[in-house]
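The sequence shown lines up with residues -18 to -1, 1 to 477 when you count with mature numbering (1 follows the signal peptide of the UniProt record, and there is no 0). Notes follow once the structure below has been shown.
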Amino acid sequence: MKALGALCLFVLVSSCLGEEEDKLKVKTKYGDVHGFEIEAKSGKHVHAWFGIPYAEPPVGELRFTEARPPKKWEDVRDATQYAADCPQDKDRLEKIMNGTHAMSEDCLYLNIFAPEDEAGHHHPVIVVFPGAQYDWGTVRAFDGTALAEHEVVVVTVNYRMGVFGFLSTDDDEALGNYGLLDQIEALKWIQDNIARFGGDPKHVTLMGNLAGGNLVSLHLISPYSEGLFHGAIISSGGMMSPTAVLLPPYKAVDIATELAEKLGCSTESTKDIVSCLREKTADELVGTKVTGPAMMGFGAFAPTIDGPGGVIAAAPRAMLENNQFSKVPIMVGTTDKWGATAIRELKGVEFGISSDMNTDFRKTFCERYPEGPRSYINDMLNFEYTDFRRLHDPAAIRDNLIRASADYHINTGMVFQAAAHAAGGGNVWMYEFHHVSQNDPRPSWMGAHGSDDMVYVFGHSLMSASDSYEFDKTDEEVHHAVVDVVANFARTGFH
């Protein structure tokens, strides 16, 4: 009898372990994947699958072409490690994010964080597109564990960046917008497969910060993206940002030509340019700097307007004004001193900004615009961003430069888009994030800035190496409140 009891116990334990293993093994349209379990700080368990291919590797002749669905595989794929990051400036990424980062053009992979629950549940899905700028960013900064604890499935997506994602010759040789097309391919994969991971393909919310926010916003006006998502969260970015798309008088082909010349390629035709650039190594392409328009500020390579039938049919402003955008609910917002990031490195800024430094900064600011509007931009700076009661107060000058930088990069475009979206019949929710931790090592004059709002969604994974700190009790409360808001928006769109 003892032997029989032991055998029954063994069978029961084996059965339970088998069921747990089965939850981590998922059959996708292209093959089976096996994930792993994460124990969150709360003690809850989250299931995760990393490094799932959603497209063919864009290498060789597929460099500078539209993403294609992945090929099927036969064996169970190990999904317990992140795939390599897409090629970018490795030194910059590792300095900011800490640690080592493998890189490869074979980088079109996604990662899934899902609640641990019974089979058959379908949770809202948040799809995160990383990217501080168009030429750098990593999914490793976006830990979806906290959101998964709040009954949301989180998908983080690698996509081509910089020259690989946005090179364009303004013709059929290189149409550009490959980074956006990668994201669209990922969204198609999610529609086909996410239900198998506990996600609801009818409740997909896009989310991005900075350049990632720009790209999320551009999906609202792309006919290619229509029907693939049902809400959007845009943090410190948007289609109306001056960094969002390359606009006239600047031409993408001029940037491609400059790159080709610096790499010793023939520029007789766009075919010559693209053929030669396909032969160069990833390191050569990443390491060769081209100027690009000063207005961009996010690097030379950016999304382009590719005309009727394209990914971005017309200028974002025209699309908004003509009511040509998805009417899904959106939540847009930023930090209350976002612009502090732009002036943080100025010498002596901790004591304020002198009148001479202010003059130099404004000159540089105006030079970002074409010659025509420069004079009235300068007048605007004098009128709107000058405290005439404190003309020579360095702290007042510094605060006004922070406002000017945030309005230029973020606020003006964000408010314009929000107003147009609401006027066109879409629901809009706006926020401004103010919380600053008592443990934050950065100077107090900076306030809540940069991506601080997203830090309270994704936690320490999004902190830069030099500015990392531990959450205290108040920070944890803010963290849970912010995650709750984001999860509820994904669940309901706030109705």
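By construction, the Cβ of each residue, glycine as well, lies at the ideal position given by its N, Cα and C atoms. Here the structure is a predicted model, which means the values were calculated and not measured.
Rounded straight-line distance, which links the Cα of residue j to that of residue i
i, j, result
"residue 399", "residue 302", "7 Å"
"residue 25", "residue 141", "32 Å"
"residue 4", "residue 423", "45 Å"
"residue 286", "residue 229", "7 Å"
"residue 341", "residue 379", "10 Å"
"residue 281", "residue 402", "28 Å"
"residue 180", "residue 99", "9 Å"
"residue 393", "residue 414", "10 Å"
"residue 177", "residue 17", "16 Å"
"residue 120", "residue 71", "12 Å"
"residue 426", "residue 294", "41 Å"
"residue 374", "residue 346", "20 Å"
"residue 472", "residue 216", "13 Å"
"residue 169", "residue 337", "50 Å"
"residue 446", "residue 436", "12 Å"
"residue 35", "residue 438", "29 Å"
"residue 455", "residue 433", "21 Å"
"residue 14", "residue 306", "39 Å"
"residue 118", "residue 38", "21 Å"
"residue 242", "residue 268", "13 Å"
"residue 478", "residue 213", "For the chain, the structure presents residues -18 to 477; residue 478 sits outside this window and is missing."
"residue 134", "residue 184", "13 Å"
"residue 440", "residue 298", "29 Å"
"residue 477", "residue 469", "13 Å"
"residue 236", "residue 474", "45 Å"
Cβ distance (whole Å) where residue i is taken to contact residue j below 8 Å
i, j, result
"residue 93", "residue 32", "5 Å"
"residue 255", "residue 239", "7 Å"
"residue 122", "residue 79", "7 Å"
"residue 40", "residue 6", "Residue 40 to residue 6, Cβ: 29 Å. No contact."
"residue 323", "residue 416", "So it is not a contact: roughly 16 Å between Cβ atoms."
"residue 194", "residue 111", "4 Å"
"residue 335", "residue 376", "5 Å"
"residue 192", "residue 113", "7 Å"
"residue 172", "residue 107", "7 Å"
"residue 87", "residue 264", "6 Å"
"residue 360", "residue 348", "5 Å"
Residues near residue i in its chain [Cβ-Cβ closer than 6 Å; skip 5 each side]
i, result
"residue 174", "11"
"residue 211", "186 and 188"
"residue 442", "none"
"residue 155", "252, 253 and 256"
"residue 233", "none"
Contacting residues, own chain, Cβ-Cβ under 7 Å from residue i (five flanking each side not counted)
i, result
"residue 127", "20, 22, 28 and 95"
"residue 408", "309, 310, 311 and 312"
"residue 452", "421"
"residue 333", "376"
"residue 55", "12 and 13"
"residue 406", "305, 307 and 309"
"residue 460", "417 and 438"
"residue 385", "321 and 367"
"residue 274", "237, 281 and 282"
"residue 491", "In the structure as shown, the chain begins at -18 and stops at 477. Residue 491 is therefore absent and cannot be evaluated."
"residue 289", "295"
Three-way DSSP call (helix, strand, coil) for residue i in this model
i, result
"residue 115", "strand"
"residue 177", "helix"
"residue 487", "Residue 487 lies beyond the stretch modelled for the chain, which goes from -18 to 477, so this question has no answer here."
"residue 191", "strand"
"residue 31", "strand"
"residue 59", "strand"
"residue 205", "helix"
"residue 160", "helix"
"residue 473", "helix"
"residue 155", "coil"
"residue 442", "helix"
"residue 109", "strand"
"residue 138", "strand"
"residue 309", "coil"
"residue 217", "strand"
"residue 301", "helix"
"residue 287", "coil"
"residue 410", "strand"
"residue 131", "helix"
"residue 453", "coil"
"residue 212", "coil"
"residue 245", "coil"
Sequence-distant residues of its chain with Cβ nearer than 8 Å to residue i (five each side left out)
i, result
"residue 84", "66 and 67"
"residue 82", "76"
- Item | Segment contact, 8 Å Cβ cut-off, at least three pairs: the stretch 220 to 227 with the stretch 235 to 251 | no
- Query: Can you find at least 3 beta carbon pairs, one from the stretch 454 to 465 and one from the stretch 113 to 132, that sit closer than 8 Å?
  - Reply: yes
- Kindly confirm or deny that the stretch 153 to 163 and the stretch 198 to 206 touch, where touching means at least three C-beta pairs closer than 8 Å. yes
- Query: Touch check for the stretch 363 to 371 and the stretch 317 to 329: three-plus C-beta pairs under 8 Å?
  - Reply: no
- Is there contact between the stretch 142 to 154 and the stretch 54 to 63, where contact requires at least three CB pairs shorter than 8 Å? no
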